[in-house]
Amino acid sequence: MSRFVQPVPPPVDPYAGDALLRSWLERHLGPGGHAAAKGRLADLAADVTGPLRAAHADAEAHPPTLVRYDPWGARIDRIDTSAGWQAQRAAAARHAVVALPYLPDARGTWGAAARVVQHALLHLYGPESATFSCPVAMADGAAALLSMPDVDTTVRDAWLPRLISTNPATAITSGQWMTESQGGSDLGRSSTLGRPAADGSWRLTGEKWFCSAADAAMAVALARPEGAGRGSRVLAPFLVPRYAVDSPLADGAAPGAPAPGVTVHRLKDKLGTRALPTAEIGLRDAYALPLGDPAVPGLVRAMTLVVVTRVHNAAAAAGGMRRGLAYARAYAEARHVAGGPLVSSPLHRATLGTLAVDAAGAFALAGHAFALLGRVEVGADPEAAAELRIVAPLAKLATGRLAVSSASEYVESFGGAGYVEDTGVPRLLRDAQVLPIWEGTTNVLALDVLRALAREDAGAPLLSRLTAAVDLARSLSPVLADTLAAAAAQVAETIAAVTVEPGAPAVIAGARGLALRLAYALTTALLVEHAAWGDEQAELAARLWARRWLRHEEIAEDAHHHLDLLC
203 MSRFVQPVPP
213 PVDPYAGDAL
223 LRSWLERHLG
233 PGGHAAAKGR
243 LADLAADVTG
253 PLRAAHADAE
263 AHPPTLVRYD
273 PWGARIDRID
283 TSAGWQAQRA
293 AAARHAVVAL
303 PYLPDARGTW
313 GAAARVVQHA
323 LLHLYGPESA
333 TFSCPVAMAD
343 GAAALLSMPD
353 VDTTVRDAWL
363 PRLISTNPAT
373 AITSGQWMTE
383 SQGGSDLGRS
393 STLGRPAADG
403 SWRLTGEKWF
413 CSAADAAMAV
423 ALARPEGAGR
433 GSRVLAPFLV
443 PRYAVDSPLA
453 DGAAPGAPAP
463 GVTVHRLKDK
473 LGTRALPTAE
483 IGLRDAYALP
493 LGDPAVPGLV
503 RAMTLVVVTR
513 VHNAAAAAGG
523 MRRGLAYARA
533 YAEARHVAGG
543 PLVSSPLHRA
553 TLGTLAVDAA
563 GAFALAGHAF
573 ALLGRVEVGA
583 DPEAAAELRI
593 VAPLAKLATG
603 RLAVSSASEY
613 VESFGGAGYV
623 EDTGVPRLLR
633 DAQVLPIWEG
643 TTNVLALDVL
653 RALAREDAGA
663 PLLSRLTAAV
673 DLARSLSPVL
683 ADTLAAAAAQ
693 VAETIAAVTV
703 EPGAPAVIAG
713 ARGLALRLAY
723 ALTTALLVEH
733 AAWGDEQAEL
743 AARLWARRWL
753 RHEEIAEDAH
763 HHLDLLC
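For this note's numbering, add 202 to where a residue sits in the sequence shown, where the first one is 1.
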């Protein structure tokens with residue numbers, strides 16, 4: 203008897219085969235704006251389904267290594283990465299995945315919606331980038347920080363063009379050195395100290411515990427300026443060159459040598475994101491450049507970077523969910539069980555359809571965050587800024603949790619093959635688990651949401667959007683409108699209670715549930731808005747999302763019947 207081998211067809215083209223993505227672009231960019239973006243998106247999709255898929259596999263198969271010493275015993279701390287990782291680096295630059303919203307021609311074509319186009323690029327690029335989407339996110343955050351008016355123009359002119367270069371030979375990425383082992387997300391316990399030097403630069407000394415993209419040419423590090431006192435507000439962001447070539451303290455050093463005062467203690471052995479070099483790094487009088495005036499409390503400045511990386515986190519979650527769904531659907535069409543294709547099973551169709559609803563909601567939530575970010579950056583829109591203050595943490599925390607639960611289902615949908623490493627399927631789950639952790643765990647972000655509600659009246663723009671969506675929903679479905687109206691009323695009541703006594707133990711204990719309810723209600727409103735524009739898939743997704751996450755009803759039967767429309 204011949205040995206059976208299950209064929210596994212690749213999923214559909216991630217741009218041409220994603221109807222929700224294309225209609226979202228049509229709505230937000232207009233027909234002309236979408237037409238202007240199509241060539242760029244189609245080119246990236248072709249790369250993703252061809253050479254970048256192979257580069258992704260190579261980077262995963264050959265994780266980074268740390269070479270501490272040269273053959274003669276000199277400390278070199280060189281991080282070696284694979285050819286696949288370097289291919290992903292080049293593609294990110296070539297396709298302007300970081301650069302697009304900063305390029306004058308892009309802003310001239312799309313204005314604030316350049317961030318919408320960037321989100322589409324990330325949606326295509328991220329899921330099979332071997333998590334090069336992480337240094338992409340941090341490079342974007344660093345670029346946003348360097349673009350602030352209070353950053354010294356000499357520093358900006360030296361580094362910003364390299365971060366937003368589309369030439370792979372000159373483009374760089376950035377790391378992010380924020381946390382320390384004793385504090386983690388409690389930045390107030392940070393002990394890295396900065397002292398000024400006579401030439402206007404600074405010297406940093408401390409230990410950084412979780413340094414992502416440790417091979418990047420620069421990093422943004424938080425440090426406590428000498429004499430600044432305790433707490434987190436006084437921490438200031440600094441740019442630290444990673445290599446000697448960019449440090450004036452390293453005259454005559456060999457190309458690729460580490461900057462003086464920067465020591466890589468070890469690379470992290472992580473659950474997932476294994477192709478991404480993450481390190482513990484020690485600083486001993488390391489050369490650094492202030493990003494803004496260190497005498498002015500700088501944590502608020504650093505939040506510019508954090509907001510950008512949080513919305514990137516949401517994009518990574520939503521993109522991964524959509525690509526995982528595409529792989530699971532392709533497998534179901536090829537796999538035969540009980541005399542027919544797996545995709546014809548009502549139970550499996552219901553499972554895939556439910557996952558498609560979650561993927562649509564995550565996409566809308568991430569996409570909305572990027573649209574708001576563009577309006578803040580290009581138009582200095584105060585309403586968008588107020589809404590982004592709460593949308594960024596909500597989008598990050600909700601999509602991160604959805605990504606993990608969805609990835610678990612995708613692994614299960616492949617049966618035993620989903621548990622075998624060399625199929626690549628287990629990576630979906632391992633990599634998804636970082637998403638609720640990086641840039642703040644669910645609980646940390648839920649507390650941030652509480653602060654935004656209590657101190658900054660961030661609930662007002664959220665309630666305004668929910669109320670407007672109720673009126674839109676009336677034309678789609680009375681049941682959907684009533685569900686959203688009830689959710690809006692509950693949100694209003696809860697926000698009112700929170701603002702009265704935000705520090706009460708009961709309020710703090712319930713912060714996670716509150717944040718998730720806000721995110722689920724907001725997502726319903728966003729899907730309703732897109733449905734009212736005329737998208738049939740969004741209308742179905744809005745109805746099923748509201749039933750699933752606001753009414754807590756089973757949606758299996760409708761998900762089974764409407765799988766083809768949902769994905």
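Note that CB positions come from ideal geometry on N, CA and C, so glycine has one too. All values reported here derive from a predicted model rather than from experimental measurement.
Residue i - DSSP class collapsed to helix/strand/coil
i, result
"residue 628", "helix"
"residue 327", "helix"
"residue 413", "strand"
"residue 404", "strand"
"residue 454", "coil"
"residue 299", "coil"
"residue 264", "coil"
"residue 419", "coil"
"residue 435", "coil"
"residue 592", "helix"
"residue 637", "coil"
"residue 214", "coil"
"residue 762", "helix"
"residue 570", "helix"
"residue 376", "strand"
"residue 469", "strand"
"residue 484", "strand"
Cβ-based burial, residue i [other Cβ within 10 Å; buried from 16]
i, result
"residue 204", "exposed"
"residue 356", "exposed"
"residue 705", "exposed"
"residue 209", "exposed"
"residue 378", "buried"
"residue 222", "buried"
"residue 693", "buried"
"residue 351", "exposed"
"residue 525", "buried"
"residue 405", "buried"
Spatially closest choice to residue i from the options, by CA coordinates
i, options, result
"residue 369", "687, 661, 295, 276", "295"
"residue 268", "456, 315, 479, 336", "479"
"residue 327", "613, 721, 521, 212", "521"
"residue 490", "424, 481, 532", "424"
"residue 458", "533, 418, 274", "418"
"residue 353", "620, 581, 504", "504"
"residue 751", "719, 764, 499, 761", "719"
"residue 637", "650, 662, 602", "602"
"residue 657", "681, 703, 451", "703"
"residue 365", "337, 625, 238", "337"
"residue 761", "754, 753, 746", "746"
"residue 527", "358, 539, 631, 589", "631"
Residue i and residue j closer than 8 Å at C-beta
i, j, result
"residue 465", "residue 279", "yes"
"residue 475", "residue 669", "no"
"residue 486", "residue 461", "no"
"residue 260", "residue 293", "no"
"residue 213", "residue 529", "yes"
"residue 347", "residue 506", "yes"
"residue 427", "residue 402", "no"
"residue 230", "residue 298", "no"
"residue 447", "residue 420", "no"
"residue 186", "residue 554", "Because residue 186 is not part of the residues shown, which for the chain are 203 to 769, the question remains open."
"residue 488", "residue 600", "no"
"residue 477", "residue 262", "yes"
"residue 686", "residue 748", "yes"
"residue 438", "residue 484", "no"
"residue 765", "residue 739", "no"
"residue 648", "residue 713", "yes"
"residue 432", "residue 501", "no"
"residue 367", "residue 340", "no"
Same chain, Cβ closer than 7 Å to residue i, neighbours up to 5 away in sequence not counted
i, result
"residue 674", "730, 731, 734"
"residue 728", "566, 567, 570"
"residue 594", "509, 512, 513, 571"
"residue 361", "348, 420, 441"
"residue 696", "716"
"residue 666", "none"
"residue 244", "217"
Any chain C beta carbon closer than 8 Å to residue i
i, result
"residue 638", "Here there is only one protein chain, and chain C is not present."
Close beta carbons around residue i, own chain, < 6 Å, minus the five adjacent residues each side
i, result
"residue 777", "Coverage of the chain is limited to positions 203 through 769, which leaves residue 777 absent and any answer about it impossible."
"residue 660", "591, 592, 654"
Same chain only: Cβ atoms within 8 Å of residue i, ignoring 5 sequence neighbours per side
i, result
"residue 456", "446"
"residue 543", "534, 535, 536, 537"
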